[in-house]
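Here is the structure we will look at, set down as structure tokens.
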Amino acid sequence: MYAIFKALGKQFRAEKGATLKLPYMDGKEAGDTLTFTDVLLASNGDAITAGAPTIAGASVSAEIVKHGKDEKIYVFKFKRRKGYRRKTGHRQKHTEVRITDVVTG
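Here the sequence shown stands for residues 4 to 108, numbered as in this note's numbering.
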């Protein structure tokens, strides 16, 4: 049993007990419970239900495990023959959640 839901502008596949990395959620603490109601597709064994655009009564519940940062991405700019070189790095924040329940509606 799984569901595809929309959160923070992106789509994720959720199964009970799975751990997902979502974009950073400011103002939330580890241990908080989240409920996502924008379920786009749900599968219950053999039956697949697709929403138009969402499924009424379907939801995905999750618990925040921790906040973290992704690996560093390096950005390198230069202008040829001028000696201009800049190297910077960026680490995107994310929120790790554990799916506790999937209700297919």
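The beta-carbon is built from N, C-alpha and C at its ideal position, and this holds for glycine as well.
On a CA-only basis, which of the options is nearest residue i? Give me that one, please.
i    : options       : result
K82  : K75, K90, R94 : K90
G108 : K72, G34, G54 : G54
T98  : L25, A50, K13 : L25
Just grab the DSSP bridge partners of residue i for me.
i    : result
G92  : Y77
G108 : Bridge partners of G108: none, in fact.
L23  : V100
Between residue i and residue j, how many whole angstroms is the CB-CB distance? I'm expecting something under 8 Å.
i   : j   : result
R94 : K80 : In fact, because the Cβ distance is near 18 Å, the residues do not count as touching under 8 Å.
T22 : S64 : At roughly 14 Å, the Cβ-Cβ gap does not stay under 8 Å, so T22 and S64 are not in contact.
Is the distance from the Cβ of residue i to the Cβ of residue j below 8 Å?
i   : j   : result
I58 : V42 : yes
G71 : M4  : no
To the nearest angstrom, how far is the alpha carbon of residue i from that of residue j?
i   : j   : result
I7  : L37 : 15 Å
T40 : A17 : 13 Å
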